[in-house]
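Peer 1: Terminal number for the sequence shown in our numbering: 134, no gaps in between. A virtual CB, placed ideally from N, CA and C, is assigned to each residue, including glycine. Small disclaimer: the values here were computed from a predicted structure and weren't measured.
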Amino acid sequence: MTNSPNLFLKAIDFFNDDDFFSAHDLFEEIWVESIGDEKLFFQGLVQVSVAYFHLVSKNYVGAKSMLIKSISKLEKFLPEFNGIDTDALVSKMKLTIFEIDKYFNDNSFILTYKNIPKLIISTPLKEN
Numbered sequence: 007m008t009n010s011p012n013l014f015l016k017a018i019d020f021f022n023d024d025d026f027f028s029a030h031d032l033f034e035e036i037w038v039e040s041i042g043d044e045k046l047f048f049q050g051l052v053q054v055s056v057a058y059f060h061l062v063s064k065n066y067v068g069a070k071s072m073l074i075k076s077i078s079k080l081e082k083f084l085p086e087f088n089g090i091d092t093d094a095l096v097s098k099m100k101l102t103i104f105e106i107d108k109y110f111n112d113n114s115f116i117l118t119y120k121n122i123p124k125l126i127i128s129t130p131l132k133e134n
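Encoded structure:
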């Protein structure tokens, strides 16, 4: 990882606490300094943070758009990358898109946000 694992862990904590705006800021800071595959991976994490910020702000169109963009990046890193269980993350993101679509197609469907993913660390992070 091109940045301090501490910054990465703090961004994960923000995301898992549903503070998507702060998570976005830290992931963006890491993304700017990243190179190679990591750059695309962190861009995906920036986008998923923005997507869930939009979702909880009830901007469902923006949320779906950012989820689609993020999935297209994070699917390149399945099933795990940089310690993150990307398989579980992408699965939850796809479920969120399904729920957004259901919300738009069925006026009685209520989005509950119970399927907002948590970033799961599947392997220990390595310090550079």
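State the CB to CB distance for the pair Phe14 and Ile41, rounded to an integer number of angstroms; the pair is presumed to be in contact (CB under 8 Å).
Peer 2: Stepping through the sequence shown from its first residue, residue 14 is reached at position 8. Stepping through the sequence shown from its first residue, residue 41 is reached at position 35. Phe14 to Ile41, Cβ: 15 Å. No contact.
Peer 1: Using DSSP's beta-bridge definition, name the partner residues of Phe87.
Peer 2: Residue 87 sits at position 81 when you count from the first residue of the sequence shown. Phe87 pairs with Ile90.
Peer 1: Looking only at its chain, what residues have a beta carbon closer than 7 Å to the beta carbon of Ser55, apart from the 5 residues adjacent to it on each side?
Peer 2: Taking the first residue of the sequence shown as position 1, residue 55 is located at position 49. The residues are Phe21, Phe26, Ala29, His30 and Phe33.
Peer 1: With contact counted as at least three CB pairs below 8 Å, one residue from each stretch, are the stretch 105 to 112 and the stretch 59 to 74 in contact?
Peer 2: Yes, the stretch 105 to 112 touches the stretch 59 to 74.
Peer 1: Any idea if Asn134 is buried or exposed, counting beta-carbon neighbours within 10 angstroms, 16 or more meaning buried?
Peer 2: The residue given as residue 134 occupies position 128 in the sequence shown. With a pLDDT of only 46 at Asn134, under the threshold of 50, the placement of this residue in the model should not be trusted; the figure read from the coordinates follows. Exposed, because fewer than 16 other Cβ atoms sit within 10 Å of the Cβ of Asn134.
Peer 1: What would DSSP say about Ile127, mapped onto helix, strand or coil?
Peer 2: The residue labelled residue 127 in the question sits at position 121 within the sequence shown. Of the three classes helix, strand and coil, the one that applies to Ile127 here is strand, per DSSP.
Peer 1: If you count every other CB in all the chains shown that lies within 10 Å of the CB of Thr118, and 16 or more means buried, which is it?
Peer 2: On the sequence shown, residue 118 is found 112 positions in, with the first residue counted as 1. Result: exposed.
Peer 1: Give me, in chain order, the residues of the same chain whose beta-carbon lies closer than 6 Å to that of Ile1; leave out the 5 immediate sequence neighbours on both sides.
Peer 2: Outside the modelled stretch of the chain, which goes from 7 to 134, sits residue 1, for which no answer is possible.
Peer 1: Taking Asp23 as the reference, which of Gln53, Val62 and Pro11 has the closest Cα?
Peer 2: The residue given as residue 23 occupies position 17 in the sequence shown. With distances taken between Cα atoms, Asp23 lies closest to Val62.
Peer 1: Can you look up Gly68 in the DSSP assignment and give me helix, strand or coil?
Peer 2: Indexing the sequence shown from 1 puts residue 68 at position 62. Reduced to three states, the DSSP call for Gly68 is helix.
Peer 1: Please name the residue, chosen from Ser114, Lys82 and Phe115, that lies closest to Phe48 on a Cα-to-Cα basis.
Peer 2: Taking the first residue of the sequence shown as 1, we reach residue 48 at position 42. Nearest option by C-alpha distance: Lys82.
Peer 1: Mapping DSSP to helix, strand and coil, what is Thr118?
Peer 2: Your numbering for residue 118 matches position 112 in the sequence shown. The answer is coil: DSSP assigns Thr118 none of H, G, I, E or B.
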